[in-house]
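In terms of my numbering, the sequence shown is residues -18 to 41.
The next block holds one structure in the form of structure tokens; read it before the comments.
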Amino acid sequence: MEQNWQSGNPLPMAKQAEIDPRKFTEYSMNPFNTNNQGKWQAFMILGYNIESCAKRLGMK
């Protein structure tokens, strides 16, 4: 994999990055997923939950 990292630009291809929305809705923001080690609590404190995530993604 080609490395294009430069000082001052730590994520040179950030605009092209894609994340599977299920990483949020089915894993890290899901309070019923015991494998997320409580990550959903941090999102909840910040004002996010599965419903708000799905709404932002146009899933509901």
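For glycine and all other residues, C-beta sits at the position ideal for the given N, C-alpha and C.
Being a predicted model, the structure only gives us computed values, none of them experimental.
Practice task
Between the Cα of Ile26 and those of Pro12, Asn16, Leu38, Arg37, spot the shortest distance and give me the residue it belongs to.
Solution key: Ranking Pro12, Asn16, Leu38, Arg37 by Cα distance to Ile26 puts Pro12 first.
Problem - For Lys11, three-class secondary structure by DSSP - result: Rather than Lys, the amino acid found at residue 11 in this sequence is Asn. In the three-state reduction of the DSSP assignment, Asn11 falls in the coil class.
Exercise for the section: Could you check what DSSP says for Asn16 in three-state terms: helix, strand or coil? Expected result: Reduced to three states, the DSSP call for Asn16 is helix.
Exercise for the section: Give a yes or no on whether the C-beta atoms belonging to Thr6 and Ile31 are separated by under 8 angstroms. Expected result: Contact flag set, yes.
Practice task
Whole angstroms is fine: what's the gap from Lys20's alpha carbon to Tyr29's?
Solution key: Cα-Cα distance, rounded: 11 angstroms.
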